[in-house]
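Engineer:
Residue numbers (my numbering): 2 to 524.
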C-alpha cells in the first residue's frame, strides 16, 4: 500500500467526531493551530486511526473481490511504500503500474493533501485500482477509524500493534510516473527522442507538487524551460494560491510567458490534478476555453463522442462542441467526481464518452482510466504540438489556440455566493438543503412569468435560465449552506437584468444573505 510513513496509533482520550472530517469523497481537517476559531481536529492519532481503517477497509474489499494482495496486507500487518513528494494522479497511477522491482501495482494509495486550502488545513485522498473512493467508502472508513480511535483510548491496541509490523520502503515513484508521460509525447511524434526541441515552455507550480514536470517531463523532451517559477514546494504558498481558476495565479503565469517570450505556459494546482495553459500571445487557456480545447482534441480522435462537464459551463461551449466540433455536450452537476462518474455511467448504457471536465481544471479521459490528471491534460496539448511539429518544425502554441477559434465567450462572468443562515427562524427547523429547494421552486415560478427568460430544458442541479443573451445558474453548494449564483452575459447591463430576475425571487427568503448580490447590482 502506498502511503505516508507513520507510527502506531497514539492512545488519546479526546472525543473526536470523525464524520465531520468528511468532505465529499475526501477527508479534510485542520492540522496546524494558530488560526482563531479553527481548532485542530486532524491530529496524528486521528490520522493514524484513519490510515488503519483504510487498511482494514482495503483488506475486506480485496478479499471480497478476490484480488491478489500484492504487498501482503494481512491481519498480521501491511507493507507501506513511501513515495515522498508526489502528485494526486501519480498516487492513483501507482495502483495500475506494472513494476515488480518497485512493488507495483499497490493495492491502495493515500495522498496527503488539502490542495490549495490555507496552510493550517490538510487532508487525505484514497485510491484503489478502481479509482478514487466515493462518499459511502469514506463514511465507512471514518466510522471504522472512530472505533479504532476509541479502542486505542481504552487500551485495546493489540490489533493495531499487530497491524504495525509491515515494512516501509522508499520508492521514487514520481520518476516512474513521469517517464510514462514522456513516452506518451514521444509516441505522438513518431517516437522522436526530443519532439519539443526548440520550444520554450515555462511552468508555474505555485509552490505545490508540480515542479517535477520541468526536469522529469519537459527537459527530456527537449523543451527550453528557463523562466519556470515557484517550483519548490512550500505549503505557505508565498507567491500565489496554486489554483488555475485564481486570477492572481493566471496573471503570474501569463506574465512569465511574456517576460520570457515563451511559446507556452503551463500552470498546476497544488497536487497536480488540475491545470491550465497560456499561449504565446498571453491568451489564457483555462475554464471554458480549456474544455473547448480538450474537446477539439478528443473529438478529432473520437468523432461524435459525448463531452461531460459540470453545471457552470457556458452556453457558448455547448454551441462550440455541438455545432462546430460535431460532438454532444452533456452538462451535469458541479463536482469533478460527479462529472467523471456520469461519463462512466454513460458508457455503461451505450453512450460513448471519452472526456469529463470541470471548469475548475479537473479533467479525465477514458484512455487514462478516468483519472483527473492535470499533468496528463497538458501532455495531451504537448502531443498535439509535437505531432504538428513533425509536419512543420516552426509550429508554436498557435496550433492550440486555433483549435478554440469560434468559441463564443461572454464579456461578463461572475459568481455570487448567497449564504443561508442556518439559525434563522425562517428555516422552521428544517435543513439548509430543504430551504434551498424552496428557493429554487419559487425562482422557477417567478421565471415562468417572465417572457424574456427561459428555463433550461435539461438541467441536473439548481435552476438554470437563459435570457438577455446570457444565462444564470442558482444552485446549492456541494458542502456548505450557500447558494452560488453564476451569471454570464454579453454586457454588464444584461448581467444586471439577469441578476435582478434572481433578486426578485430570493428577496422573499429572509434567511438568505443577499448582500453580495445587491453589491453587484449597484456597481
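Where is the CB? At the ideal position from N, CA and C, for every residue including glycine.
1. Taking all protein chains shown into account, do 16 or more other C-beta atoms lie within 10 angstroms of the C-beta of residue 169, making it buried, or fewer, making it exposed?
2. Note down, one range per segment and in chain order, each beta strand (DSSP E) of at least 3 residues found wholly within the region 339 to 389.
3. Contact between the region 134 to 146 and the region 367 to 375: three or more CB pairs below 8 Å?
4. For residue 485, list the residues DSSP reports as bridge partners.
5. Since residue 407 is in the alpha helix (DSSP H), which residue starts that stretch and which ends it?
6. I'd like to check one pair, residue 185 with residue 271: are the Cβ atoms closer than 9 Å?
7. Using a Cβ-Cβ cut-off of 6 Å (strictly less than) and excluding sequence neighbours within five positions of residue 6, which residues of its own chain qualify?
8. Give me the DSSP bridge partner(s) of residue 204.
9. Closer than 8 Å by C-beta to residue 468: which residues in its own chain qualify, once you throw out the five before and the five after it? Chain order, please.
10. With which residues is residue 83 paired in a DSSP beta bridge?
11. Hey, which unbroken runs of the beta strand (DSSP E) at 3 residues or more fall wholly within the region 215 to 286?
12. Label residue 251 either buried or exposed according to how many other C-beta atoms from any shown protein chain fall within 10 Å of its C-beta, with 16 as the threshold for buried.
13. Take the Cβ of residue 508 as the centre, count every other Cβ of all protein chains shown within 10 Å, and call the residue buried at 16 or more, exposed below.
14. If I follow the unbroken alpha helix (DSSP H) through residue 395, where does it start and stop?
15. Check whether the Cβ atoms of residue 312 and residue 463 lie closer than 9 Å to each other.
16. Compare the Cα-Cα distances from residue 493 to each of 473, 412, 295, 457 and report the closest residue.
17. Between which residues of its own chain and residue 11 is the CB-CB distance below 8 Å, once the five residues before and five after are set aside?
18. Go to residue 126, then tell me how far its beta strand (DSSP E) extends in each direction, as first and last residue.
19. Using 8 Å as the cut-off, can you tell me whether the region 189 to 204 makes contact with the region 173 to 181, which would need three or more C-beta pairs spanning the two stretches below that distance?
20. Between residue 447 and the rest of its own chain, which residues show a CB-CB distance below 8 Å, the 5 nearest in sequence each way excluded?
21. Helix, strand or coil for residue 335? Go by DSSP, reduced to three states.
22. Around the C-beta of residue 426, are 16 or more other C-beta atoms found within 10 angstroms, so that it is buried, or is it exposed?
23. Under three-state DSSP, which class holds residue 471?
24. Whole angstroms is fine: what's the gap from residue 225's alpha carbon to residue 394's?
25. Based on the DSSP output, what are the partners of residue 102 in its beta bridges?
26. On the three-state DSSP scale, how would you describe residue 297?
27. Rank 485, 391, 435, 367 by C-alpha distance to the C-alpha of residue 419 and give the top, closest one.
28. Any idea what DSSP makes of residue 192, helix, strand or coil?
29. Looking at the structure shown, is residue 117 part of a helix, part of a strand, or coil, going by DSSP?
30. Can the beta-carbon of residue 278 be found closer than 9 Å to that of residue 401?
31. In whole angstroms, what separates the C-alpha of residue 268 from that of residue 105?
32. Does the region 279 to 297 come into contact with the region 357 to 365, if we say contact requires no fewer than three beta-carbon pairs (one atom in each stretch) closer than 8 Å?
33. In the DSSP assignment, find the unbroken beta strand (DSSP E) run with residue 456 in it and report its ends.
34. Taking the beta carbon of residue 404 as the centre, do at least 16 other beta carbons fall within 10 Å, making it buried, or is it exposed?
35. Taking just the CA atoms, how far does residue 23 sit from residue 478?
36. With a threshold of 16 other CB atoms inside 10 Å of the CB of residue 142, please say whether the residue is buried or exposed.
Structural biologist: Working from what's here:
1. When all chains shown are included, residue 169 counts as exposed.
2. Taking only runs of at least 3 residues, the beta strand (DSSP E) segments lying wholly in the region 339 to 389 are 354 to 358, 364 to 366.
3. Verdict: no, contact absent.
4. DSSP, once it has assigned bridges, lists 418 as partnering residue 485.
5. Residue 407 -> no alpha helix (DSSP H), and no H or E assigned at all.
6. No, they are not a contact pair.
7. In this prediction, residue 6 scores a pLDDT of 39, lower than 50, which makes its location untrustworthy; the coordinate-derived value is nonetheless stated afterwards. Result list for residue 6: 83, 169, in chain order.
8. DSSP, once it has assigned bridges, lists 267 as partnering residue 204.
9. If we look at residue 468 and ignore the five residues flanking it on each side, its Cβ neighbours are 451, 453, 454, 455, 498, 499, 502.
10. Answer by DSSP bridge pairing, in chain order: 171.
11. Within the region 215 to 286, the complete beta strand (DSSP E) runs of at least 3 residues are 265 to 269, 276 to 280.
12. Answer is buried; the Cβ neighbour count reaches 16.
13. Per the 10 Å Cβ criterion, exposed.
14. Boundaries for residue 395: no alpha helix (DSSP H) harbours it, and the DSSP string shows neither H nor E there.
15. In this structure, residue 463 lies closer than 9 Å to residue 312 by Cβ.
16. Nearest option by C-alpha distance: 412.
17. Caution applies to residue 11, whose pLDDT of 37 falls short of 50 and renders its modelled position unreliable; the value that the coordinates give is listed next. Cβ neighbours of residue 11 beyond the five flanking positions: 45, 46, 49, 153.
18. Residues 122 to 129.
19. Taking a cut-off of 8 Å for Cβ pairs, the region 189 to 204 and the region 173 to 181 do not touch, as fewer than three such pairs fall below it.
20. Taken in chain order, the residues that qualify are 502, 505, 506.
21. Three-state DSSP puts residue 335 in coil, outside helix and strand.
22. The residue is exposed, with fewer than 16 neighbouring Cβ atoms inside 10 Å.
23. DSSP places residue 471 in strand when its eight states are reduced to three.
24. For residue 225 and residue 394, the distance between alpha carbons rounds to 15 Å.
25. Answer by DSSP bridge pairing: none, since residue 102 is not bridged.
26. Helix.
27. When only C-alpha atoms are compared, the closest one is 485.
28. In this structure, residue 192 counts as coil in the three-state DSSP scheme.
29. DSSP places residue 117 in coil when its eight states are reduced to three.
30. Contact: yes.
31. Cα to Cα, residue 268 sits roughly 29 Å from residue 105.
32. Yes: at least three Cβ pairs fall under 8 Å.
33. Note, residue 456: beta strand (DSSP E), 454 to 456.
34. In the assembly as shown, residue 404 is a buried residue. Its beta-carbon has 16 or more other beta-carbons within 10 Å.
35. Those two C-alpha atoms are separated by around 15 Å.
36. Residue 142 is buried by the Cβ-count criterion.
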